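Here's the structure, in structure tokens; my notes come after.
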Amino acid sequence: MDFKQITFWGLIMKRKRLITTIITAALTASIALSGCGNLGPTGTTKVSTNEKQILNIIGYDFNSLDPGKVADAQSFTAMTNVYEGLMKEVVNEKGESHNEFAGAEKVDISEDKLTYTFHLRKDAVWTDGKPVTAKDYVYAWKRIIDPKTAAPYMNLMDDINVKGAKEIIEAVNAKKDKSEIDKLLLDFGVKAKDDYTFVVTLSKPTPYFTNVLCFKSLAPVREDKVKEQGDKFGSDPISTVYNGPFVISEYAKGSKIVYKKNDKYWNAKNVKLEQANGTIVTEPSTLVKLFENKELDVVNASKDDLDKLKEESKKGQYQYVTRKESRACFNYYNVTSSVLKNAKIRLALSLALDRQEFLNVVYKSYLPSNGYIGNGVSCGDKEYRKAVQEPLKNVKDDPKKLFEEGLKEEGIDDASKVSLKLLLGVQTAESKATGDYLAKLYKDKFGINIKQEFTPDAQTYYKDRTDGNFDICNGGWAAAYDDVSTFFTVFRTGDANNDGKYSNKEYDELINKAGIENDNEKRLDLYKKAEEMLIAKDAAVMPTYYTELNQFRQNYVKNFTVPKFGPYYDLSTAYIEGKEK
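If you number the sequence shown the way full-length UniProt numbering does, the last residue is 581 and the count never jumps.
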């Protein structure tokens, strides 16, 4: 999931004996990873307080509130608080996460692990009072795989091996007639057995299938609302219907977003916040000032602000929460543009970067990266980053020599003739410092020119990036769910999120094989080879750093949740206690 900054079924099958299961620890070990380690019932929060339950937080603009059209962390943050899928991620005070049932109450899994029968809760309703039914899930999942939707996570259905997804995607890639694709859609492996029974059939056992179920692109969608609003569906938060703990009651682009408690939410009695006011500001130092003035209740910090707030938190003035995160930051290369068609030049630019020095100058925090996969992301029973050495650490080439060889291969005899457009997004002190650092680095090292490009807002940045309007683009990726595949599929040929247009058939084959491999050691080795190809051999991206959470909260803020995978926060457990009036 980008944080720059993702029906009806006519298949006839033999009846399979189902094992009625409330997932046990033993089964969890085989079908779920650490992000989905506990499939127990949703817990309750007992809060005894008469205080005003209003929280002031950082707000984010969203690109859409349409689950089928979203691929950025800002939009997923909004959707996490207003939508609910079959399951949800729950994080404890130590930052450990697991999944709990949410829109579903339980699941039956067939002996061959190909059929998942979800029993939906009957007390879940949309904000207009209509029940959330299995047909809403069928429509949502089928809509993602339907090419008419142009969903950025269309390939996810194939990655989790939903029956029929592979055939549909192959037909789309082969530009088959619409009529042929529509026939294939009829056999797509999801169906509503009745109003409250949602059945998913897989083409092959998929050990990480349950890990994906908290991903908000898989939330239910109302077909009548999509047909009623057409292309505008998801653009107006007021006219959208929700099934989550909050609704968006106010929104002004670039200014504010207001969440109000959804009294029709099935678990509303355990949602303590009545309102969360999101202030949309992009400059980190401004946000820290608002926090110090108690106009914000939660803030992230870096550079000098981080040191200052850490000292104040030691004195008990604030709560300080820190941990490694799964997000990985890197620079995309547009491998179709300019001299960046040359892998030697791309690798030289990557090797020339002193990542620790870069972080010291720009952030004074975070962790230097020599690989693509962030911390805490699982591959079977192992944490990928702990099991696999970062590929750039094995590369000993001289960047200057590589660069000169690349220029010669491109027929360029004067490096000063090379000018690269660096897309940095909205201008802040940090993005400007990033641009200045890289511009000076590459001028000094190679004699080339870097043109820094800033955008007026995040939406323009996303469009420029998607349109390939860059040579190098400052960006990153966050694990949408707890499996390493969520990172690797991004750079598969033709993936909707592959903004750098990288394409290598050997890489595609490695990813596709890993997606269906049940032997975890073999799967780990396939992904290791893919990362080496992506980062060291083809140098399709330039790793920069892994993020870590450095968050400060006013002392009266309780149970504020930062999910390990996906959004920036989940407000459903937060509350206020002990705030001075």
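Ideal Cβ positions, reconstructed from N, Cα and C, are used throughout, including at glycine.
Since the structure is predicted, the reported quantities are computational estimates derived from the model, not experimental observations.
Counting the other CB atoms within 10 Å of its CB gives residue 111 a total below 16, which places it among the exposed residues.
Around the beta carbon of residue 77, 16 or more other beta carbons lie within 10 angstroms, which makes this residue buried.
Taking 8 Å as the cut-off, the Cβ atoms of residue 327 and residue 80 do not count as close. For residue 86, the CB contacts under 6 Å within the same chain, skipping 5 residues up- and downstream, are 103, 104, 118 and 213 in chain order. If you draw a straight line from the Cα of residue 250 to the Cα of residue 256, it is about 8 Å long. Contact between residue 453 and residue 423 holds, with the beta-carbon distance rounding to 5 Å and staying under 8 Å. In the same chain as residue 303, and ignoring 5 residues on each side of it, the C-beta atoms closer than 7 Å to its own belong to 363 and 364, in chain order. Going by DSSP, residue 332 is part of no alpha helix (DSSP H) but of the beta strand (DSSP E) stretching over 318 to 333.
By the criterion of a C-beta distance shorter than 6 Å, residue 388 is surrounded in its chain by 528, once the five residues flanking it on both sides are discounted. When rounded, the separation of the alpha-carbon atoms in residue 284 and residue 299 is 9 Å. Per DSSP, residue 153 lies in no alpha helix (DSSP H) and is assigned neither H nor E.
Using a Cβ distance threshold of 8 Å, residue 470 and residue 421 count as a contacting pair. Judged by DSSP secondary structure, residue 260 falls within the beta strand (DSSP E) whose first and last residues are 256 to 261. Contact check between the region 339 to 357 and the region 406 to 419: three or more CB pairs, one atom from each, fall below 8 Å, which counts as touching. In the structure shown, residue 457 adopts coil according to DSSP, grouped into three states. Distance from the CA atom of residue 120 to the CA atom of residue 138, rounded to whole angstroms, is 13 Å. Taking 4 residues as the shortest admissible run, the region 364 to 408 contains the following complete alpha helix (DSSP H) segments, listed from N- to C-terminal end: 384 to 387. Collapsing the DSSP output to three states places residue 270 in a helix. Around the beta carbon of residue 309, 16 or more other beta carbons lie within 10 angstroms, which makes this residue buried.
In the three-state reduction of the DSSP assignment, residue 126 falls in the coil class. In its chain, beyond the 5 residues on either side, 202, 203, 204 and 206 have a beta carbon closer than 6 Å to the beta carbon of residue 161. With contacts defined by Cβ atoms closer than 8 Å, residue 511 and residue 55 do not form a contacting pair.
Assigned with DSSP and collapsed to three states, residue 72 falls in strand.
A straight-line Cα-Cα distance of about 30 Å links residue 571 and residue 455. Inter-segment contact for the region 488 to 499 and the region 186 to 200 is absent: fewer than three beta-carbon pairs are separated by less than 8 Å. Within the region 531 to 573, no run of alpha helix (DSSP H) reaches 4 residues while sitting entirely inside it. A straight line joining the alpha-carbon of residue 480 with that of residue 215 spans about 6 Å. Between residue 545 and residue 366, the beta carbon gap of about 4 Å places them in contact (Cβ cut-off 8 Å). By the Cβ neighbour-count rule, residue 489 is buried, with 16 or more other Cβ atoms within 10 Å of its own. DSSP, read as helix, strand or coil, puts residue 104 in strand. When DSSP states are grouped into helix, strand and coil, residue 470 belongs to the coil group.
Pairing residue 482 with residue 400, the inter-Cα distance amounts to about 38 Å.
Assignment of residue 279 by DSSP, reduced to helix, strand and coil, places it in the strand class.
Here the region 515 to 522 does not lie against the region 231 to 248, with fewer than 3 beta-carbon pairs under 8 Å apart. The distance from the Cβ of residue 541 to that of residue 437 is about 18 Å, inconsistent with a contact at the 8 Å cut-off. Considering only 223, 84 and 58, the residue with the shortest C-alpha distance to residue 266 is 84.
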